Amino acid sequence: MADFGGVDAHKLAMAVMMGRSDEALAILKQLDLGTIAELVERAGVSASPEELHRAIAGSASMGELLDKVEKSTGLGLSDLAGLASGLMGKRG
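Residues in the sequence shown are numbered consecutively from 0, following numbering that gives the first Met the number 0.
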């Protein structure tokens, strides 16, 4: 997995798998709008990259982030998994 835009997808995956949600959220907050837009497009979900970016930036916890994303974009966990798959497969 490549490092891109200062975000290490492997480090993010490990934080998620090990249940280190604060670390995972901090890594997600490093994603820029362009990267989020690319992930949304690659995942084929109908969500506003701007809304996702705002939700990530304004969340104090992973639970809050998931709640905001669902309310503002309608994306559920399966949709977010699709975004994560795009993140993991992205090449630097």
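Think of the CB as a built atom: it goes at the ideal place given N, C-alpha and C, for glycine as much as any other residue.
Predicted model only: the values in this text are computed from it and were never measured.
Residue j and residue i - do their beta-carbons sit closer together than 8 Å?
i   : j   : result
E49 : L32 : yes
K28 : A56 : yes
V6  : L30 : yes
In this structure, does DSSP put residue i in helix, strand or coil?
i   : result
S77 : helix
R41 : helix
D31 : coil
R19 : coil
Taking the alpha-carbon positions, what's the residue i to residue j distance?
i   : j   : result
K70 : S77 : 15 Å
I35 : G73 : 16 Å
D21 : E37 : 24 Å
V39 : V68 : 13 Å
Does the beta-carbon of residue i have 16 or more other beta-carbons within 10 angstroms, so that it is buried, or is it exposed?
i   : result
A42 : buried
A25 : exposed
A54 : buried
A59 : exposed
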